[in-house]
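Quick notes on the structure that follows.
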Amino acid sequence: MWQYRSGVRLFVGLLSLLPLAPAHLGSGDSVQPRNTESVIEKISPAVPDGVKIEIVGADTFVRLTAVGVRAEVRGYDKEPYLRINENGLVEINDASVTAVLNGDRYGNVDTSQMKPGAVPQWRTLSVDGIAMWHDHRSHWMSPLKPATIDAKGTVLKWDIPMTIAGKATVVSGTLFLRDQASAAWWLLIVPAVAIAVLLSLLRRRSFFALVVGASLLGVVTGLLEFTGLPKGAQITPVMLMFCAGAAAIAIAASIRLIRPGAMHIALSLNAGAGAALVVGAWLTADQVRAAYIPGLDAMWLARTAIPVMMGVGLVAAVDGVTRIIRTAP
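8 is the number of the first residue of the sequence shown in my numbering; add one for each residue after it.
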């Protein structure tokens, strides 16, 4: 019977993970941690005031802002693809083969029904004067690691033709392969585990507070990642979701810890918070070594937070389970 009661108590701590299950998160984000970066090096001729062209998500999107200026982007076959009028109306040509190909990062789509030179079919995207699209010309068209052609890490040179304020304009850039961050970042798991184990044995309240702290570190990191990208490029906030859940559970565990007779509930909740941290860290583990982390300028923050989350979360989960089993009547 005690095994049953202990199992139920542990289940209470883990139950809050159900709304955050990976199956519900999806994996369709275009902006991901990666080691390639596109850099705009030249825009010829110079664009007028009110026009800004930039790369978003390392090499994922090209973003064109045109305020009070007419602009048009040409597709892969030089066909009309996107346009912005002086009033900020943004339209896409659905008859453009480029519009179809850009639906997948690697162009794995069926274009057999598309007709070259088809009459444009314009559809409104927005009225804010901002167009953001995935462009195969500015990234590596394979999931495999690209080869470089020089010591700078150059992969390829690219050009995107546009018409800005009635003038033929070419945006030119280079795709680079950047070095990964050191694997030594993962060694932060060692002190995280050591401190967590020590506190779990000697200072229970401090241990529970450590789990809260690790969760809040993940919340801050995840929030910065999510808000660091413009609308339309924001990623699924995996770290934010799991760490927010872990923080709520860990705080509840800390409250239960100070109540007489509620130790089993506190242990179960703390184990649940630990499990949430482990899963959140596991799902975002590729950020630790990626040269680019979505939305985050201070990339050291994610490289620190994820190993700490993994180490503290693992100790919390194991500690909760083992103590429930040992102290059960």
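Heads up, the beta-carbon is just placed ideally off N, CA and C, and yes, glycines get one too.
Going by the C-beta, is residue i closer than 7 Å to any heavy atom of the ligand HEM?
i, result
"Q241", "This structure lacks the ligand HEM, and indeed carries no ligand of any kind."
Hey, how far is the Cα of residue i from the Cα of residue j?
i, j, result
"G173", "V63", "25 Å"
"I156", "W147", "14 Å"
"V328", "T67", "43 Å"
"D135", "G287", "35 Å"
"D117", "S103", "13 Å"
"Q294", "A65", "14 Å"
"F183", "I47", "11 Å"
"V315", "V218", "10 Å"
"A260", "K164", "55 Å"
"L303", "L247", "13 Å"
"A74", "E232", "Going by the sequence as given, residue 74 is Val instead of Ala. The straight-line gap from Cα to Cα measures roughly 28 Å."
"D186", "N42", "7 Å"
"I137", "P40", "24 Å"
"N277", "S213", "12 Å"
"S275", "R333", "13 Å"
"V227", "S119", "46 Å"
"P52", "V69", "18 Å"
"I202", "A154", "42 Å"
"K238", "K159", "32 Å"
"D326", "T234", "34 Å"
Counting along the chain, where does the beta strand (DSSP E) carrying residue i start and finish?
i, result
"S179", "174 to 184"
"R130", "129 to 133"
"K46", "Looking at the sequence provided, one finds Val at residue 46 rather than Lys. Its beta strand (DSSP E) spans residues 43 to 51."
"D157", "Neither: D157 is in no beta strand (DSSP E) and is coded neither H nor E."
"V58", "58 to 63"
"M139", "137 to 140"
Check for me: the alpha helix (DSSP H) holding residue i runs from which residue to which?
i, result
"W289", "270 to 290"
"N232", "Correcting the residue identity first, residue 232 is Glu in this sequence and not Asn. 211 to 234 is the span of the alpha helix (DSSP H), which, as asked, contains E232."
"V245", "245 to 264"
In its own chain, which residues sit with a C-beta less than 6 Å from the C-beta of residue i, not counting the 5 before and 5 after it?
i, result
"G318", "I196, A199, V200"
"K122", "none"
"R296", "Q187, A188"
Of all the options the options, which has the alpha carbon lying nearest to the alpha carbon of residue i?
i, options, result
"V245", "A78, D111, A283, G82", "A283"
"V177", "V54, P40, A292, R310", "V54"
"V107", "G220, A257, W140, L264", "W140"
"G114", "L236, Y83, Q128, G220", "Y83"
"I171", "V226, A298, R81", "R81"
"A323", "P127, R70, R211", "R211"
"G279", "T291, R296, G252, Y299", "G252"
"G95", "L71, Y88, E86", "L71"
"V285", "A297, I313, I262, L264", "I313"
"A188", "A175, W307, V126", "W307"
"V204", "S51, V69, A154, G281", "G281"
"W192", "K238, R310, P87, A154", "R310"
"E93", "V76, W129, T105", "V76"
Who are the near neighbours of residue i in its chain, counting only those whose CB is closer than 7 Å to its CB and skipping five residues on each side?
i, result
"G180", "S45, V46, I47, E48, S145, W165"
"V38", "G64, T67, L236, A240, I242, P301"
"P29", "The predicted position of P29 is uncertain, since its pLDDT is 39 and thus under 50; a value taken from the coordinates is nonetheless stated next. Around P29: L290."
Excluding the 5 residues preceding and the 5 following residue i in the sequence, name in chain order all residues of the same chain whose CB lies nearer than 8 Å to its CB.
i, result
"K85", "P168"
"F215", "A257, A260, S261, L264, A273, N277"
"N150", "Strictly speaking, residue 150 in this sequence is Pro, with Asn absent from that position. Taken in chain order, the residues that qualify are Y113."
"V97", "L89, R90, I91, T131, L132, S133, V134, D135, G136, I137, A138"
Taking the runs of the alpha helix (DSSP H) that are 4 residues or longer, which of them lie wholly in the stretch 74 to 113?
Those alpha helix (DSSP H) runs which fall completely within the stretch 74 to 113 and span 4+ residues are 104 to 108.
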